[in-house]
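If you're matching them up, the sequences are chains A and B in order.
FYI, in the working numbering the residues of the first sequence are 31 to 485.
FYI, in the working numbering the residues of the second sequence are 31 to 485.
Contents: one structure, followed by commentary.
Number of protein chains: 2
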Amino acid sequence: MQTTARSRSGLIQLWQRQHPARRIFAGFVALNLAGWGLLMLPISRQGEGAATWIEALFTAVSAACVTGLTVVDTALYWTPFGQVVILLLIQLGGLGVMVFASLIGIFVVRRLTLGSRLTTAQEAHADGPGSVRRIVVSILRIALIVEGTVAIVLWLRFWLGRGEDPLHAAWLGVFHAVSSYNNAGFALFSDNLMGFVDDPLILLPLAAATIIGGLGFPVIMQILKHAPHPRRFSMHTWLVLTGTGALLLIGTVSIAVLEWGNPGSLGPLSPGTRILDAFFHSVQTRTAGFNALDIGQFEPETLLVMDVLMFIGGGPAGTAGGIKITTFGVLLAIIIAEVRGDPTVTLFGKRLSRAVHREAITVALLSVALVWAATLAIMQLTSIELDRVLFEAVSAFGTVGLSTGITASVGMPSQLILVMLMFVGRVGPITVATALALRTRRLAYELPKERPVIG
Amino acid sequence: MQTTARSRSGLIQLWQRQHPARRIFAGFVALNLAGWGLLMLPISRQGEGAATWIEALFTAVSAACVTGLTVVDTALYWTPFGQVVILLLIQLGGLGVMVFASLIGIFVVRRLTLGSRLTTAQEAHADGPGSVRRIVVSILRIALIVEGTVAIVLWLRFWLGRGEDPLHAAWLGVFHAVSSYNNAGFALFSDNLMGFVDDPLILLPLAAATIIGGLGFPVIMQILKHAPHPRRFSMHTWLVLTGTGALLLIGTVSIAVLEWGNPGSLGPLSPGTRILDAFFHSVQTRTAGFNALDIGQFEPETLLVMDVLMFIGGGPAGTAGGIKITTFGVLLAIIIAEVRGDPTVTLFGKRLSRAVHREAITVALLSVALVWAATLAIMQLTSIELDRVLFEAVSAFGTVGLSTGITASVGMPSQLILVMLMFVGRVGPITVATALALRTRRLAYELPKERPVIG
Ligand SMILES: [K+]
Ligand SMILES: [K+]
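Printed below as a string of structure tokens:
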């Protein structure tokens with residue numbers, strides 16, 4: 031008895047000695063597993079029996095990693111209990127990773143700013159419980175305000191505009207507000223949001239929540255703090271804001287132009303509704319994943335454009351996925367600097383730290399390699415064409431959740447690959463980039479310098 | 031009259047004052063145009079009338095840029111005169127760009143080695159006619175030896191082993207030797223080399239010439255000079271040699287594994303012949319483009335693997351295309367250094383110059399963007415699936431010449447896009463990389479340093 035008690039308190043001490051970010055990461059893993067277990071209970075599934083292990087695992091990871099890909103119909107397959115589990119997974123998973131990424135993101139920036147390596151003791155102090163609590167409280171407060179506002183708007187619309195009874199309308203409002211702010215893309219309708227293709231009072235509030243969540247915590251905080259003085263915004267904030275605007279515009283124009291006459295998508299709609307839906311799906315591509323049109327009917331060219339937007343994703347330390355706007359922006363800045371012949375890479379009047387070049391290249395290329403390998407594996411396991419498989423893999427990696435409709439039918443081994451992509455896509459770029467930025471670089475004696483010929 | 035004479039001599043002076051590399055580049059452009067003109071003559075085409083402008087343009091650029099994509103049947107559509115024109119375009123285009131790239135490649139390395147910027151006068155001296163002549167003579171001598179040897183082997187095989195009359199066998203030997211050493215992939219058989227699928231005495235000499243040409247001039251010269259002392263090889267040579275070996279192995283294993291049971295490709299062959307053909311097509315993917323199997327029957331997974339190999343290509347300053355093994359190797363070295371936490375990127379015991387990082391990422395990402403945009407445009411212009419269009423675009427950009435069989439039927443606008451890809455693919459990476467390496471970097475006052483969050 032005594033031995034057990036002592037080792038238990040030893041474990042607790044070991045747990046408490048871990049960096050808060052590491053504890054949150056462990057909590058995130060536990061959340062995925064707990065969700066898997068809960069969704070396998072018979073109480074979660076409608077009708078007789080329980081969900082299969084792969085259905086429960088896929089749905090739990092898809093919810094906790096705020097992806098939104100589904101192998102079963104969220105509206106019909108799960109009981110209200112199961113749907114509440116999904117809602118909690120979305121909320122805890124979305125905000126949990128936001129806290130995790132904010133903590134380590136702030137830490138990376140602070141360490142660089144101090145210009146020297148902190149000792150472990152200093153680190154523990156700087157990121158102690160007080161700082162973690164402040165971040166958690168801020169993140170919860172912002173989520174409550176955005177989700178609350180959107181939930182009320184949706185509630186009124188579902189109740190007064192779409193004829194739902196007020197209680198069910200409230201549930202719909204809360205669920206979709208949480209799902210959109212967390213960029214999860216889960217919906218309580220069998221056809222996702224295709225019933226609301228021409229309803230701006232449903233689509234626009236969801237788009238707004240999606241965009242705000244996708245900016246990321248550091249950007250939202252700076253806007254709240256310095257909104258009247260945008261000159262005080264950091265390079266990070268400028269990069270995310272201009273990148274978000276540019277990618278939204280590119281997506282809206284591309285979808286509008288490429289799908290304008292497609293009878294399976296925008297074709298049958300009025301011109302105004304076509305613009306609304308082009309904008310809405312441009313927003314959803316980065317990376318919330320609601321759809322009001324049948325993505326399976328989109329032109330293959332549109333899918334190819336969306337692949338790029340989904341891969342880039344949103345801002346760091348938010349609810350969006352992808353390699354992040356900042357990673358893409360750094361690569362773009364490197365190319366522009368090279369083409370112009372600048373000695374250093376500058377962004378918004380600031381010099382870009384050289385170590386960031388190599389981090390951005392590493393995150394982007396490892397992500398390309400992962401998506402490519404997963405695409406290859408799924409193509410080998412199934413007989414589906416490249417454009418649909420690539421779209422599915424990018425959607426899973428970018429935690430987008432859009433699909434041409436193949437998710438349920440690709441089979442268990444491919445679904446396991448998608449589960450891996452969703453998990454790695456949600457926490458991989460963050461942890462890889464942080465590990466690169468934070469570790470102590472070995473000092474090397476100087477080797478003779480040489481260069482190969484490029485190109 | 032006097033004015034004309036004076037301005038003409040002024041033009042000659044202007045021409046002579048240009049850097050030799052620039053004059054060779056102008057000559058290469060003229061070669062493409064001259065080939066276009068010659069192939070439009072009625073004497074070039076079999077039967078009545080002349081080739082259309084797009085057929086002649088496509089074939090001329092495909093030959094001069096040593097690509098090997100065809101919109102008409104080389105064996106049946108062109109007269110012997112037309113085929114000689116194609117042969118000359120391959121030889122002059124292949125070796126011309128080899129000279130061009132060697133000149134500027136040597137210049138880039140020398141400038142870096144001297145560690146300071148040379149004045150224009152010094153440059154003109156260092157790259158004067160003597161040095162150009164030495165390089166041209168070396169390149170011609172190596173080509174003559176390799177092409178001569180392979181031509182003789184093929185001549186004997188076509189004559190004694192395949193029953194051709196000796197004169198025609200000699201023509202076949204010369205044409206295919208030139209086509210393989212220059213990584214051109216043009217063949218004088220309507221089915222390319224599918225009639226020789228199980229003939230190692232045809233396939234292996236062609237593979238050897240392809241590999242040697244694809245190593246590039248700097249590597250071939252170092253091997254000839256230092257073969258007994260591989261420790262004296264430069265980082266460049268080691269990178270190209272190990273990269274070539276690794277990519278050939280990866281290609282052979284991938285094709286063998288993925289196509290082993292495919293009744294449309296390796297399936298019907300004996301096990302030994304399957305290995306032979308897996309190796310042969312691995313060689314041809316980088317980037318000669320002969321085929322002894324129907325690429326249109328390959329599995330989509332195999333095409334996806336080949337896309338990567340074609341995009342990487344061969345060694346710089348050779349007859350292969352792609353972004354080049356060195357560019358890919360530098361990116362890989364950056365990732366490995368980042369993951370290991372090394373402060374500098376090292377390759378084969380040498381430190382990699384930092385400027386090279388940014389050059390490599392620029393060449394690679396601009397190439398990705400170009401291939402992606404071309405794929406999108408061709409998909410918009412046609413109704414062909416992504417995997418075939420992507421394969422065609424990568425094949426054109428990498429000057430490979432393999433095709434799933436769509437080249438002739440994509441239509442004129444898409445063929446013009448392929449022409450652009452072939453030309454830019456052949457000289458673009460070289461000139462972009464050189465322009466980046468050689469230009470004078472502007473000195474900037476130091477801006478405050480900052481970093482965004484990556485990932
Ligand atoms: K999502
Ligand atoms: K070729």
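The C-beta atom is built at its ideal place from N, Cα and C for all residues, glycine as well.
Ordered along the chain, which non-local residues of its own chain (more than five positions away) have a Cβ less than 8 Å from that of residue i?
{"i": "A/G441", "result": "L411, T412"}
{"i": "B/L170", "result": "L125"}
{"i": "B/V101", "result": "I84, E85, F88, T89, T437, A438, Q445"}
{"i": "B/A367", "result": "T374, V375, T376"}
Applying a beta-carbon distance threshold of less than 7 Å, which residues of chain B neighbour residue i?
{"i": "A/Q410", "result": "E331"}
{"i": "A/L277", "result": "Result: empty, since nearest Cβ-Cβ is about 15 Å, beyond 7 Å."}
Given a cut-off of 7 Å on the beta-carbon distance, is the pair residue i and residue j in contact?
{"i": "A/R381", "j": "A/T392", "result": "no"}
{"i": "B/D417", "j": "B/P330", "result": "yes"}
{"i": "A/T332", "j": "A/P346", "result": "no"}
{"i": "A/S74", "j": "A/G112", "result": "yes"}
{"i": "B/G215", "j": "B/A318", "result": "yes"}
{"i": "A/I408", "j": "A/I436", "result": "no"}
{"i": "B/A239", "j": "B/S210", "result": "yes"}
{"i": "B/L451", "j": "B/A426", "result": "yes"}
{"i": "B/V401", "j": "B/V424", "result": "yes"}
{"i": "A/I116", "j": "A/A94", "result": "no"}
{"i": "A/G291", "j": "A/T434", "result": "no"}
{"i": "A/V386", "j": "A/V360", "result": "yes"}
Near residue i, what residues of its chain come up, given a Cβ to Cβ distance below 6 Å and the 5 sequence neighbours on each side ignored?
{"i": "B/M265", "result": "L377, F378, K380"}
{"i": "B/A51", "result": "F130, L133, I134"}
{"i": "B/R147", "result": "Residue placement at B/R147 cannot be trusted, given a pLDDT of 39 that sits under 50; the coordinates are not used to answer."}
{"i": "B/L288", "result": "E329, E331, T332"}
{"i": "B/Q314", "result": "F320"}
{"i": "B/A200", "result": "W185"}
{"i": "A/P459", "result": "I353, V393"}
{"i": "A/M224", "result": "A322"}
{"i": "A/T97", "result": "T429, G431, M452"}
List the residues of chain A whose Cβ lies closer than 9 Å to the Cβ of residue i, in chain order.
{"i": "B/R388", "result": "I364, I365, A367, E368, V375, H387"}
In chain A, what lies closer than 8 Å to residue i by C-beta?
{"i": "B/T405", "result": "L334"}
{"i": "B/T392", "result": "I364, I365, E368, V369"}
Could you tell me if the beta carbon of residue i falls within a distance shorter than 6 Å of some heavy atom in ligand 4?
{"i": "A/N212", "result": "Judged by which ligands are present, ligand 4 is missing from the structure shown, whose ligands are ligand 1 and ligand 2."}
Which residues in chain B have a C-beta closer than 8 Å to the C-beta of residue i? List them in chain order.
{"i": "A/D417", "result": "E415, L416, D417"}
{"i": "A/L395", "result": "L361, I365"}
Applying the criterion that 16 or more other CB atoms from any shown protein chain within 10 Å of the CB defines a buried residue, is residue i buried or exposed?
{"i": "A/W66", "result": "buried"}
{"i": "B/V180", "result": "buried"}
{"i": "A/D337", "result": "buried"}
{"i": "B/L396", "result": "buried"}
{"i": "B/P298", "result": "exposed"}
{"i": "B/G371", "result": "exposed"}
{"i": "B/A363", "result": "buried"}
{"i": "A/L44", "result": "exposed"}
{"i": "B/T149", "result": "The pLDDT assigned to B/T149 is 39, lower than 50, so where the model puts this residue is not dependable; a value taken from the coordinates is nonetheless given after this. Answer is exposed; the Cβ neighbour count stays below 16."}
{"i": "A/V167", "result": "exposed"}
{"i": "B/L236", "result": "buried"}
{"i": "A/L499", "result": "Missing from the structure shown is residue 499 of chain A; chain A here goes from 31 to 485 and no further."}
{"i": "B/S300", "result": "exposed"}
{"i": "A/A322", "result": "buried"}
{"i": "B/I42", "result": "exposed"}
Is any beta-carbon of chain E found at less than 7 Å from that of residue i?
{"i": "A/A105", "result": "No chain E appears in this structure, whose protein chains are A and B."}
Excluding sequence positions up to five away, which residues of its chain have a Cβ less than 7 Å from the Cβ of residue i?
{"i": "A/L202", "result": "L184, F188, E194, L218"}
{"i": "B/G428", "result": "T317, M340, F341, G343, G351, G352, G455"}
{"i": "B/R71", "result": "Note that residue 71 of chain B corresponds to Leu in the displayed sequence, not to Arg. Excluding sequence neighbours, B/L71 sits near A80."}
{"i": "A/L119", "result": "L61, G65, A90, A93, A94"}
Q: Examine the Cβ distances between the stretch 280-288 of chain B and the stretch 347-360 of chain B and report whether three or more of them are shorter than 8 Å.
A: no
Q. Counting pairs of Cβ atoms below 8 Å between the stretch 192-207 of chain B and the stretch 80-87 of chain B, do you hit three or more?
A. no
Q. Can at least three beta-carbon pairs, one atom from the stretch 245-262 of chain A and one from the stretch 90-108 of chain A, be found at a separation below 8 Å?
A. no
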